[in-house]
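My numbering puts the first residue of the sequence shown at 2, with every later residue one more than the last. C-beta: ideal position from N, C-alpha, C; glycine also.
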Amino acid sequence: MAFCFNNLTNEIRQLMVDEVNYDVNNNNLYISDRLTSEGKKIYCQLLLKNIREGNEESFASLLSGYFNSHYRRKNSSGGYVLVNMPRNAPLTLAEGEFNRFYIRALCKFAIYNNKKIRVYRAKTVSNPRIESEEKIGQILDANCLLNDLRQNVGIDTFLGLPSVNSGLSIEIINF
Numbered sequence: 002m003a004f005c006f007n008n009l010t011n012e013i014r015q016l017m018v019d020e021v022n023y024d025v026n027n028n029n030l031y032i033s034d035r036l037t038s039e040g041k042k043i044y045c046q047l048l049l050k051n052i053r054e055g056n057e058e059s060f061a062s063l064l065s066g067y068f069n070s071h072y073r074r075k076n077s078s079g080g081y082v083l084v085n086m087p088r089n090a091p092l093t094l095a096e097g098e099f100n101r102f103y104i105r106a107l108c109k110f111a112i113y114n115n116k117k118i119r120v121y122r123a124k125t126v127s128n129p130r131i132e133s134e135e136k137i138g139q140i141l142d143a144n145c146l147l148n149d150l151r152q153n154v155g156i157d158t159f160l161g162l163p164s165v166n167s168g169l170s171i172e173i174i175n176f
């Protein structure tokens, strides 16, 4: 099931593009190690294409042919073991990164327009985590969240948004 991005407009899409370019210009764009070398080369192009005219599902579809068949996972002894790439790896990456740039764009919009943002469930999940449920409805500081997302690229953020597979995003109050 797809995300329902409540405030995804052409203006927000342009702000998403601006945020991708911000990362590129600062040499800080997250590119997954799970992508093939070819996938790493065209990742930014595919991301921008889908921000401009697609969504997280179309992005996942385009990414699907660019994942390695295996990846290294840390085991309990601190070493690494080679495991099969999960079938949902393209969707997990696409959802997370599309949502991340969407949230960053909404933060910028909120800052520019003196609006407030709040957490909502943008995608239905079958077993929502308690931690995710507790975040729904929270009003966040757009500056803090934007800075958090810019600084914590490809890893969990301090504020915990977006959390992988949580289905959470943000929306502008009184858009």
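Each residue's CA atom was taken as its position, placing Leu30 and Asn153 some 11 Å apart. The beta carbon of Ser167 sits closer than 6 Å to the beta carbons of Ser133 from its chain, once the five residues preceding and following it are set aside; these are given in chain order. The residues Phe110, in chain order, have a CB closer than 8 Å to that of Glu12 in the same chain once the five nearest residues on each side in sequence are set aside.
Counting every other CB atom within 10 Å of its CB across the protein chains shown gives Gly66 a total below 16, marking it as exposed.
DSSP places Ile173 in the strand class (E or B) of the three-state scheme.
Only residues of its own chain outside the window of five on either side were considered, and among them Ile13, Leu16, Met17 and Glu20 have a CB closer than 7 Å to the CB of Ala106, listed in chain order. Here Arg101 carries a helix assignment [DSSP, helix/strand/coil]. Cα atoms of Glu96 and Cys45: separation of roughly 15 Å, rounded to the nearest angstrom. For Arg119, the secondary structure class from DSSP, reduced to helix, strand or coil, is strand.
By the neighbour-count definition (other C-beta atoms within 10 Å, threshold 16), Asp149 is a buried residue.
Nearest C-alpha to Asn69 among Glu57, Asn85 and Asn56: Asn85.
For Tyr23, the enclosing alpha helix (DSSP H) starts and ends at Asn11 to Asn26.
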